[in-house]
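Quick note: the sequence shown, position 164, residue 165 per the numbering used here, numbers continuous.
Backbone N, C-alpha and C define an ideal beta-carbon position, used for all residues, glycine too.
Reading through the structure tokens given below for one structure.
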Amino acid sequence: RQMKGTFYYTMAKLSTAQQDLVNLKEGYDRIKHPNLPDYARIKPKYEWTTTNGITYAIIEYIDLRGGWATRISTEGRFIESLGKRVQSSVKKGTPDIMGVYLGRHLGIEVKNGSDKMSDKQIEVQLDMVRAGSLYCIAKSFDHFHEWFHKQDFKQLPSSSISKADHRAMIAYEQSMLGL
């Protein structure tokens, strides 16, 4: 139903976590397009029940919060000219999403429905946590959101290097590259 100057829409009741993402996206869109009136804006839509939808929502949430995230595919790809599938160079067991938020590395494995972690995924999870990464097995966007807000992003892992060591590494790399 539409009245002049007002845009009505129907949307299923969202959880607090889902509404948080929608609000972040709407706020971002207002900043990106300040001259567009609210009634003309397209409401953000997310698929909350599929693995792909949950993955997209998590990546968007981290990005909108000022972090960085991307999807990692370990499936390989089909090369038509060869008529076969080639294996990915990504390590088996790598989580679906890799990200960084406030200087902390994030590994996020999305497991929807009855999906379970493989032995290789569990091995990679343990290796990443030992190396200082934060790791989440996300059963839903709401589950990820709850996990995300319980993290202490100010506390760096004990294995993190000092700023001086980091600067020295960068200077060394630049000298090796002739920069």
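Exercise. Could you give the distance in angstroms between the alpha-carbon of residue 225 and the alpha-carbon of residue 50?
Worked result: Past the boundaries of the shown model lies residue 225; the chain is included only from 2 to 180, so the question cannot be answered.
Exercise. Shortest alpha-carbon distance to residue 75 belongs to which of 67, 114, 149, 87?
Worked result: The residue given as residue 75 occupies position 74 in the sequence shown. Nearest C-alpha to residue 75: 87.
Exercise. Count the other CB atoms within 10 Å of the CB of residue 14; is the residue buried (16 or more) or exposed (fewer)?
Worked result: Mapped onto the sequence shown, residue 14 falls at position 13. In summary, residue 14 is exposed, with fewer than 16 beta-carbon neighbours lying within 10 Å of its beta-carbon over all protein chains present.
For this session: Please report the Cβ distance between residue 108 and residue 96, rounded to the nearest whole angstrom; I am assuming they are in contact, meaning their Cβ atoms lie under 8 Å.
Result: Counted from its first residue, the sequence shown places residue 108 at position 107. Counted from its first residue, the sequence shown places residue 96 at position 95. That belief holds up - the Cβ atoms of residue 108 and residue 96 are roughly 4 Å apart, short of 8 Å.
Exercise. Just to confirm, are residue 143 and residue 18 a CB contact at a threshold of 8 Å?
Worked result: Taking the first residue of the sequence shown as position 1, residue 143 is located at position 142. Taking the first residue of the sequence shown as position 1, residue 18 is located at position 17. In this structure, residue 18 lies closer than 8 Å to residue 143 by Cβ.
Exercise. Among 130, 140, 101, which has the Cα closest to the Cα of residue 118?
Worked result: Within the sequence shown, the letter at position 117 stands for residue 118. The residue among 130, 140, 101 with its C-alpha nearest the C-alpha of residue 118 is 140.
For this session: Taking residue 31 as the reference, give the member of 53, 126, 73, 65 with the closest Cα.
Result: Along the sequence shown, read from residue 1 onward, the residue named residue 31 stands at position 30. The candidate whose alpha carbon is nearest that of residue 31 is 65.
Problem set entry | Length at least 3, wholly inside the region 55 to 87: the beta strand (DSSP E) runs in chain order | Segments of the beta strand (DSSP E) lying fully in the region 55 to 87: 69 to 72, 78 to 80, 85 to 87.
Exercise. Using DSSP with H/G/I as helix, E/B as strand and the rest coil, what is residue 28?
Worked result: Translated into positions along the sequence shown, residue 28 becomes position 27. Correct three-state label for residue 28: helix.
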